[in-house]
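Encoded as C-alpha cells, the structure appears first; notes follow it.
Numbering (this note's numbering), first residue to last: 3 to 197.
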C-alpha cells in the first residue's frame, strides 16, 4: 500500500498496560466511525506496514486502546509509540451531498463567486484554533479560513472549488504591506503616466 492511496487516521500516543496494548488518537471529526477497525497501516521507516487489530476499546476524546496481533509485550508496544496510523482512502466514510475531503480538492482551481477564477488549492492546515486552506494566488500563498459560509461546493468533474471569499480578505494579500511599498507603487504609476 502506497501512502498516496491512504489518509492519516491518527497516531499512537503511548503504551497501555504490559501486554502490548497501545493508546491511539484518531485525529478525525467522527472517531466513532472507526470503532470496528480490523486492521490499519503503521508508518515504519517511510513504508506502510499492515497491522491486524484483535481488540479496540473506546476512550474519551478520540482515543482508543488497541491490541495488535503479534504485539504481546510492553517493549514491542513501546517501539510503536508516535507512529502514524493510516487507512486506505476507500475506507473513508461516505459524505453528504456538497461535502468533500480536503485531500480530494488539492490542486483544484479556486473560483470565487465575485472574482471568478483565483488560484489553486495547495494544502490545508489543521490548526487547533482553525482549519485553513492554502491557495496559490498571484505567486504567493493566501490563507482562507475553512468555514461553511465560505466553501460553497466542489465540482469534481471540473476540478474546481467554489468559494465566497469574505469581504476584505483579498485586499489583505493585494495591498502593499508598508507605506514605503505604497509610495514605490505610486511612483511607478506616475512614471507610467509620463510615458
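Yeah, the Cβ is synthetic: ideal placement off N, Cα and C, and Gly gets one too.
Since this is a predicted model, take the numbers as computed values, not measurements.
Residue of the options minimising C-alpha distance to residue i
{"i": "residue 64", "options": "133, 135, 15 and 132", "result": "15"}
{"i": "residue 61", "options": "22, 37, 55 and 49", "result": "37"}
{"i": "residue 121", "options": "142, 12 and 92", "result": "142"}
{"i": "residue 140", "options": "94, 83, 128 and 123", "result": "123"}
{"i": "residue 97", "options": "75, 71, 118 and 31", "result": "31"}
{"i": "residue 54", "options": "110, 42 and 146", "result": "42"}
{"i": "residue 129", "options": "93, 145 and 9", "result": "145"}
{"i": "residue 77", "options": "45, 57 and 18", "result": "18"}
Rounded separation between residue i and residue j - CA only
{"i": "residue 20", "j": "residue 40", "result": "22 Å"}
{"i": "residue 149", "j": "residue 35", "result": "23 Å"}
{"i": "residue 3", "j": "residue 87", "result": "13 Å"}
{"i": "residue 160", "j": "residue 104", "result": "16 Å"}
{"i": "residue 157", "j": "residue 163", "result": "6 Å"}
{"i": "residue 192", "j": "residue 108", "result": "Confidence is the limiting factor: at residue 192 the pLDDT is only 49, short of 50, which leaves the residue's position unreliable, though a coordinate-based value still follows. Cα to Cα, the separation comes out at about 41 Å."}
{"i": "residue 50", "j": "residue 136", "result": "27 Å"}
{"i": "residue 168", "j": "residue 29", "result": "28 Å"}
{"i": "residue 153", "j": "residue 131", "result": "18 Å"}
{"i": "residue 116", "j": "residue 165", "result": "9 Å"}
Which of helix, strand or coil DSSP assigns to residue i
{"i": "residue 143", "result": "strand"}
{"i": "residue 38", "result": "coil"}
{"i": "residue 206", "result": "In the structure as shown, the chain begins at 3 and stops at 197. Residue 206 is therefore absent and cannot be evaluated."}
{"i": "residue 15", "result": "strand"}
{"i": "residue 45", "result": "strand"}
{"i": "residue 78", "result": "helix"}
{"i": "residue 171", "result": "helix"}
Cut-off 8 Å between Cβ atoms - residues of its own chain near residue i, not counting five sequence neighbours on either side
{"i": "residue 187", "result": "Note that residue 187 scores a pLDDT of 48, beneath 50, so its modelled location is shaky and nothing firm can be said."}
7 Å CB neighbourhood of residue i in its chain, flanking five on each side removed
{"i": "residue 59", "result": "66 and 67"}
{"i": "residue 79", "result": "17, 22, 23, 24 and 73"}
Residues bridged to residue i [DSSP beta-bridge criterion]
{"i": "residue 122", "result": "111 and 138"}
{"i": "residue 26", "result": "14 and 66"}
{"i": "residue 55", "result": "70"}
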